[in-house]
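Heads up: the structure comes next, in structure tokens.
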Amino acid sequence: MPKPYIACLPTTVDIILGESLIGFAARVSEANHFGRTLPLLLDAGISSPYIPSAATVPFDLTELSALTGVPRSALKNAAYWPMARRTVNFQGHKIPREFVTVEQRRACPECLQEAAYHRAIWDLSFVTICHRHRRELLSSCPSCDRRLGWKWSSLCLCECAFDFRRARKRMVRDSELAGLTTLVQTLEPGQNGKGILPGVVLSPADEITLAYLMGWYATGRTRRPRPIRNLSASNGIPGILAAGVEVCRNWPHAFSDLLDRRLAGAIGHRGRYGFERSFGAFGNWLLYGDHSPTLQRFLKEALRAHFADHPELRTRTRRLEAVHSVDRMTLTEARRHLRCRVERLRPLLIAGGHVKTGGGSGAPILVRTQLVLNLREEINGLVDRRGIQQQLGCTKLLTRRLIRGWDLVPSDGLAAELFRRKAWHRGRVDRLVRELERVIDPTLPVGVLRPMTSVISELNTRGIGMARLLKSILAMRHVPGRLIPEKVGLARIGVDACALTRQMTGLDVLTLPEAAKALGVKQEVAYHLERRVLLKSERRPGYKGRVVSETELARFRNAYVIPSQLGRDVGHYQGWASDQLKAAGLKPVTGPGVDGGRQFVFWRAEVERLRW
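Numbered according to our numbering, the sequence shown spans residues 107 to 718.
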């Protein structure tokens, strides 16, 4: 069970649904025989002598709750505290702060006769009439003409002892009450307002804003709307709200009629494409007013629908683009789709005869929607030289060779001109890579002497033309190799270099770097052996530099021994075998201290005679 609230004051009262916070504080002060409201607020921790600030400025309600015995949640709901940007809480609704005014108290004499408490609905700026009793709200004392305030704790008696319940105010016509009653029902506690816009869901604050500003212009006013909190019943605010509610109830036909009336009374040049010129301050408020995002979108959609129903109207306002048929779009919309400048797009479309004007001087240029969508798809499918390089995963030089070897013809047409660079179709490059991938057969064994290498390595090491190498790969229906998933483009394709060599030359040859890899030595060792003619090389067409045949590589292995390999095979350090052979009296053929070589090499026949 929650802990019950225990009041510290001798006399307690319950807060009433729909009562304001400072009205409740005044009623509690009067029940406890306080002549003024401020002492109770000071005891509750409110140090400001300005009493209306207690309703709008957040403060700790713990002490006030302890004094009155009312839960904090009920007190918080009765306050007008800020909620978000320029909005405050009003009985659980989020409304603009200009809708609430507490500087001057207002009251209905007949409502006070029924129950002597201050209704929160009286603190709304646009509520100047009691819709229940059809009377104007009382804002000053009829006897002493003193304004109603919050200092005096009594809500029914003035400081001059006049009873407000005996005051008589003028009656209000039913036509002035129609709009106010509908708007109050959307905010008043215990009422289920269904909204004033048919088929549209807007917040009560947006509905009140829309009704007030529509009524302002529907009643013949031409200037920008005055702040609603500065108006009173004498300024005609009931009639403004009644006219605004009538426009909202007959939406969108009444809104279109209002626009037509504003357009008919506009002063300016007819036939010009200016929204503000045609509709004046009303159009400026519709597009640039300080509305909530929801109301702003609603007004823009309503204006677009109006322009769609009236094709004779044109506008080039950025916040309100003219609505055209589905198969046409403006040049600005086409520029956004194609991501290019209007200065470049306009002459190309005009030269190709792809544009159509909307009629009249200054009318927007229209383009077929399907044409723009096709151009955007074509542009997205184009790629420049750098894009091909990234797509293939190779160097810039190799990309140029591949473009020449594959006979890749640059694209032409309107899409290529809008691309602004030499471009190729991305799909064609993808198809060539896929053809190479289909040739690879991972089930075939890879050669032992010739390890698997990527297509890019073959292109970089061989001196043949790109077209000849690629055609040689494609001519083989099954090439031993595999696809490397972590690579992209040509680097993803691994082939057996030996099988590729047989296809191109009919012989098995290795380049010197490949021979070094097969012997398990560094490249400089292989080049040293080739210079000493211990490893014989030759020139072959289709290769850069000199190559070594697999027959010569087998002869070298039968004739010589590299002792570093022997040491690794038996688990010793790299120079262990060399030290053992030199200690046995064998002289190396080449190596450090012999001819400047970096690796010792011995005769295989002498090593085998030692039998170790």
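Beta carbons are placed, not taken as given, at the ideal position from N, Cα and C, and that holds for glycine.
- Task: Report the partner residues of Met320 according to the DSSP bridge assignment.
- Result: DSSP lists no bridge partner for Met320.
- Task: Reducing DSSP to helix, strand and coil, say where Glu523 ends up.
- Result: DSSP, read as helix, strand or coil, puts Glu523 in helix.
- Item | Spatially closest choice to Phe130 from Ala222, Gly151, Val627, by CA coordinates | Comparing Cα-Cα distances from Phe130 to each of Ala222, Gly151, Val627, the minimum goes to Ala222.
- By a C-beta neighbour count over all protein chains shown, 10 Å radius and 16 as the cutoff for buried, is Cys500 buried or exposed? Burial call: buried.
- C-beta atoms of Val134 and Thr162 nearer than 8 Å: Cβ distance not < 8 Å, so Val134 and Thr162 don't count as in contact.
- Smallest Cα separation from Ile235: which of Gly345, Asn183, Arg327? Closest in C-alpha terms to Ile235, from the list Gly345, Asn183, Arg327, comes Gly345.
- DSSP state of Ala665, grouped into three classes? Taken through DSSP and simplified to helix, strand or coil, Ala665 comes out as helix.
- Message: Let's test the definition: count the other Cβ atoms within 10 Å of the Cβ of Gln495 and tell me whether it reaches 16, buried, or not, exposed.
- Response: By the beta-carbon neighbour count (other beta carbons within 10 angstroms, threshold 16), Gln495 is buried.
- Beta-carbon separation (whole angstroms), Val653 vs Arg646, contact threshold 8 Å: With 8 Å as the limit, Val653 and Arg646 qualify as a contact, their Cβ atoms being about 5 Å apart.
- Query: Just reading off the beta strand (DSSP E) that Ile471 is part of, what are its end residues?
  - Reply: Taken as a continuous stretch (DSSP letters only), the beta strand (DSSP E) holding Ile471 covers 471 to 474.
- Which partner residues does Lys462 have in the DSSP bridge list? Lys462 is bridged to Leu472.
- Drop a sphere of 10 angstroms on the beta-carbon of Glu282, count the other beta-carbons inside from all chains shown, and report buried for 16 or more, exposed for fewer. With 16 or more neighbouring CB atoms inside 10 Å of its own CB, Glu282 falls in the buried class.
- Query: Since Asn183 is in the beta strand (DSSP E), which residue starts that stretch and which ends it?
  - Reply: If you look at Asn183, you'll find it isn't in any beta strand (DSSP E); it sits in the alpha helix (DSSP H) that goes 178 to 183.
- Going by the beta-carbon positions, is the gap between Glu125 and Ala226 smaller than 8 Å? Using a Cβ distance threshold of 8 Å, Glu125 and Ala226 count as a contacting pair.
- Query: Could you check where the alpha helix (DSSP H) with Pro399 kicks off and where it finishes?
  - Reply: DSSP places Pro399 in the uninterrupted alpha helix (DSSP H) bounded by 399 to 415.
- Item | Inter-residue CB distance, His224 and Leu181 (contact presumed, cutoff 8 Å) | No, His224 and Leu181 are not in contact; Cβ-Cβ is about 14 Å, not under 8 Å.
- According to the Cβ coordinates, are Asp547 and Val489 closer than 8 Å? Remark: C-beta atoms of Asp547 and Val489 do not approach each other more closely than 8 Å.
- Query: How long is the line joining the alpha carbons of Met435 and Gly459, rounded to whole angstroms?
  - Reply: Their backbone Cα atoms lie some 15 Å apart in a straight line.
- Message: Just to confirm before moving on: does the CB-CB distance between Gly595 and Leu498 stay below 8 Å?
- Response: Taking 8 Å as the Cβ cut-off, Gly595 and Leu498 qualify as a contacting pair.
- Query: Can the beta-carbon of Ser259 be found less than 8 Å from the beta-carbon of Phe140?
  - Reply: Taking 8 Å as the Cβ cut-off, Ser259 and Phe140 qualify as a contacting pair.
- Cα-Cα separation, Leu728 to Leu319: Summary: the structure shown does not reach residue 728, with the chain confined to residues 107 through 718, and so no result is reported for it.
- Contact between the segment 314 to 330 and the segment 245 to 252: three or more CB pairs below 8 Å? Taking a cut-off of 8 Å on C-beta distances, the segment 314 to 330 does not touch the segment 245 to 252, as fewer than three cross pairs fall below it.
- Task: Please list, in chain order, all residues of the same chain as Gly465 whose beta carbon is under 8 Å from its beta carbon, the five residues on each side excluded.
- Result: Because the pLDDT of Gly465 is 49, which lies under 50, any placement of that residue in the model is unreliable, and the number read from its coordinates should be weighed accordingly. So no residue of the chain qualifies.
- Let me know the secondary structure DSSP gives Ile201 once reduced to three states. Of the three classes helix, strand and coil, the one that applies to Ile201 here is strand, per DSSP.
- With a Cβ-Cβ cutoff of 8 Å, do Glu87 and Ile343 count as a contact? Nothing can be reported for residue 87: it is not among the residues displayed for the chain, which extend from 107 to 718.
- Could you tell me which residues DSSP puts in a beta bridge with Leu444? Beta-bridge pairing links Leu444 to no other residue.
- Task: Sort His416, Thr118, Ser398 by Cα distance to Thr193 and report the nearest one.
- Result: Distance check between Thr193 and each of His416, Thr118, Ser398 places Ser398 closest, using alpha-carbon atoms only.
- Jot down the residue ranges of each uninterrupted alpha helix (DSSP H) in the segment 591 to 661, minimum 4 residues, whole runs only, in chain order. Unbroken alpha helix (DSSP H) stretches of 4 residues or longer found wholly inside the segment 591 to 661: 603 to 611, 618 to 625, 629 to 637, given in chain order.
- Message: With H, G and I counted as helix, E and B as strand and the rest as coil, what does DSSP make of Asp166?
- Response: Judged by DSSP in its simplified three-state form, Asp166 adopts coil rather than helix or strand.
- Name the residue from Thr143, Phe388, Ala213, Ile128 whose alpha carbon lies nearest to the alpha carbon of Tyr186. Out of Thr143, Phe388, Ala213, Ile128, the CA that lies nearest to the CA of Tyr186 is found in Ile128.
- Asn480, buried or exposed, once every other Cβ within 10 Å from all chains shown has been counted against 16: It is exposed - the Cβ of Asn480 has fewer than 16 other Cβ atoms within 10 Å.
- Is Thr174 near Ile157, with beta carbons less than 8 Å apart? For the 8 Å CB-CB criterion, Thr174 and Ile157 do not form a contact.
- Query: Name the DSSP bridge partner or partners of Leu244?
  - Reply: Beta-bridge partners assigned by DSSP to Leu244: Ala213.
- Query: Taking the alpha carbon of Arg715 as the point to measure from, which residue in Gly702, Ala690, Arg507 has its own alpha carbon closest?
  - Reply: Among Gly702, Ala690, Arg507, the Cα nearest to that of Arg715 is on Ala690.
- Query: Between which two residues does the alpha helix (DSSP H) carrying Thr505 extend?
  - Reply: Unbroken alpha helix (DSSP H) run through Thr505: 502 to 511.
- Message: Please classify Cys114 as buried or exposed, where buried requires at least 16 other C-beta atoms within 10 Å of its C-beta.
- Response: With fewer than 16 other Cβ atoms within 10 Å, it is exposed.
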